[in-house]
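Notes follow the structure.
In our numbering, the protein residues as written are 10 to 109.
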């Protein structure tokens, strides 16, 4: 089964809602989240200090899913987070496993 890594970049204010969606999705079993600073975001309301610094605070969420589940998960995310400025990209997972 082919897997992908879906990376999501969202405003910190909606991170918990996104994590809740992922927890409720049967296609997501492994994901991580962390605070990051992002540059080059458009359509996001930047605070005055963020405008001066040229970067904004964001949450980065990485999800490992089957490639066949990508469209369905993205549809759910689009429905719930329309207009939030969330960004995403995908990449192949060459190898994954668990060290027992």
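Cβ coordinates follow ideal geometry from the N, Cα and C atoms, glycine included.
(message) Going by DSSP in three states, residue 48 sits in which element: helix, strand or coil?
(response) coil
(request) Could you say which of 17, 30 and 18 lies nearest to residue 89 if we only look at CA atoms? (result) Nearest C-alpha to residue 89: 30.
(message) Just verifying my parser: in three-state terms, what is the DSSP assignment at residue 36?
(response) coil
(request) State the DSSP-derived secondary structure class of residue 105, mapped to helix, strand or coil. (result) coil
(message) The alpha helix (DSSP H) that contains residue 80, what's its start and end?
(response) 79 to 90
(message) Please report the straight-line C-alpha distance between residue 24 and residue 102, rounded to a whole angstrom.
(response) 24 Å
(message) Quick check: the Cα distance between residue 97 and residue 10, rounded to an integer number of angstroms?
(response) 22 Å
(message) Let's test the definition: count the other Cβ atoms within 10 Å of the Cβ of residue 68 and tell me whether it reaches 16, buried, or not, exposed.
(response) buried
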